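Asks: One structure is given below, represented as structure tokens, and several questions about it will come after.
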Amino acid sequence: MAVTNEHQRRMLAALAEIVGAEKLATLLSAQS
């Protein structure tokens, strides 16, 4: 089952959004 570049790109983008959101939440809670 081959994973296309498009699918891989979407997975990475979704993962980056999740990680970015978590980091942002951590930074915000640390500042307050």
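The sequence shown begins at 545 in our numbering and counts up one residue at a time. Just so you know, even glycine gets a beta-carbon here, dropped at the ideal spot from N, CA and C. Since the structure is predicted, the reported quantities are computational estimates derived from the model, not experimental observations.
Could you pull the start and end residues of the alpha helix (DSSP H) that residue 548 belongs to?
Replies: Here residue 548 belongs to no alpha helix (DSSP H), and DSSP marks it neither H nor E.
Asks: Under three-state DSSP, which class holds residue 576?
Replies: It is coil, neither helix nor strand.
Asks: Out of curiosity, what's the CA-to-CA distance linking residue 568 and residue 576?
Replies: 13 angstroms
Asks: What number of angstroms, rounded off, separates the C-alpha of residue 562 from the C-alpha of residue 551?
Replies: 17 angstroms
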